[in-house]
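Chemist: Below are the structure tokens for one structure; questions will follow.
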Amino acid sequence: MAKVGKPFKLTVAALVDIFVAFLFIVIGVGSKGWFTLPTKFGTDTRTGLSDTSSEPKGQAAYALCVISTLAASTALTAIAIDLITQLLKKKSKKLSKIITLVTLIAAIVGGNFGIIGSIIHAAWLGAFYSDSTISYTPGFSFYLTVIGSLALIIGGGLARRARNGTRIGENS
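In UniProt numbering, the protein residues as written are 1 to 172.
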């Protein structure tokens with residue numbers, strides 16, 4: 001029976017990390033919890049990122065977060081292909097470099113765009129409501145997107161580390 005090496009374990013860890021990051025980003029970008037505004041009736045109004053995209057800064061933040069979602073799905077696909085090629089023992093050095101590079105670039109780009117888009121959105125809304133009596137509170141979607149983006153960057157780093165080792169069946 002083939003011994004599972006450290007690179008395979010790191011690839012599985014990267015896959016799980018990127019999958020969780022992808023879920024956090026998709027839920028964060030798609031949900032209506034970006035910010036909470038109290039209303040005069042005592043209930044909170046939750047608004048989604050797409051609801052505030054009529055303003056140019058809102059559109060920029062929305063676009064960056066959507067790009068983050070697309071990059072996360074690209075990184076998830078690339079790391080899944082990497083895992084499958086390791087399981088099938090069909091991985092060449094050239095394919096390994098390409099898949100790792102795609103995963104790493106997608107993870108870094110997606111993670112940074114998600115963080116930047118979230119910060120732009122939060123700063124823009126904070127400035128928008130700073131002169132009013134309305135208290136603006138970032139919601140769970142903001143935090144999910146930021147945490148998912150950070151996890152995506154970490155997953156890209158794990159995928160990069162996994163490439164430097166041996167394949168399944170080789171002594172690690």
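A virtual CB, placed ideally from N, CA and C, is assigned to each residue, including glycine.
Looking at C-alpha atoms only, which residue of Phe140, Ser96, Leu152 is the closest neighbour of glycine 30?
Modeler: Nearest C-alpha to glycine 30: Phe140.
Chemist: Look at the alpha carbon of glycine 117 and the alpha carbon of arginine 161, and state the distance between them as a whole number of angstroms.
Modeler: 27 Å
Chemist: On a Cα-Cα basis, can you pick out the residue from Ile98, Gly114, Leu88, Gly58 that is closest to glutamine 71?
Modeler: A small correction: the amino acid at residue 71 is alanine; glutamine does not occupy that position in the sequence shown. When the alpha-carbon of alanine 71 is set against those of Ile98, Gly114, Leu88, Gly58, the nearest one is in Gly114.
Chemist: From which residue to which residue does the alpha helix (DSSP H) around lysine 9 run?
Modeler: Following the DSSP letters along the chain, one finds lysine 9 inside the alpha helix (DSSP H) bounded by residues 6-30.
Chemist: Counting only the same chain and skipping the five closest in sequence on each side, list residues whose C-beta sits under 7 Å from that of leucine 76.
Modeler: Ile18, Phe19, Phe22
Chemist: Between Ile98, Ile79, Ile153, which lies nearest to alanine 107 when the distance is taken from Cα to Cα?
Modeler: Ile153
Chemist: Please give me, in chain order, every unbroken run of the alpha helix (DSSP H) with length at least 4 that falls completely inside the region 87-130.
Modeler: 93-128
Chemist: Mark phenylalanine 41 as exposed unless 16 or more other C-beta atoms lie within 10 angstroms of its C-beta, in which case mark it buried.
Modeler: A caution first: phenylalanine 41 carries a pLDDT of 48, below 50, which makes its placement in the model unreliable, though a value can still be read off. So phenylalanine 41 ends up on the exposed side.
Chemist: Taking Cβ positions, are phenylalanine 24 and leucine 101 nearer each other than 8 Å?
Modeler: no
Chemist: Could you tell me how far apart the beta carbons of alanine 151 and threonine 103 are, in whole angstroms, since I believe they sit closer than 8 Å?
Modeler: About 14 Å; that fails the 8 Å criterion.
Chemist: Do glycine 111 and serine 73 come within 8 Å of each other at the CB atom, strictly closer than that value?
Modeler: No, these two residues do not count as a Cβ contact at 8 Å.
Chemist: Determine the direct distance from the alpha carbon of alanine 127 to that of isoleucine 84, and round the result to whole angstroms.
Modeler: 47 Å
Chemist: Starting from glycine 139, trace the alpha helix (DSSP H) both ways and give me its first and last residue.
Modeler: Careful: glycine 139 lies outside any alpha helix (DSSP H) and carries neither H nor E.
Chemist: Less than 8 Å between C-beta atoms, sequence neighbours within five positions excluded: which residues of the same chain meet that for leucine 95?
Modeler: Excluding positions up to five away in sequence, the list reads Thr85.
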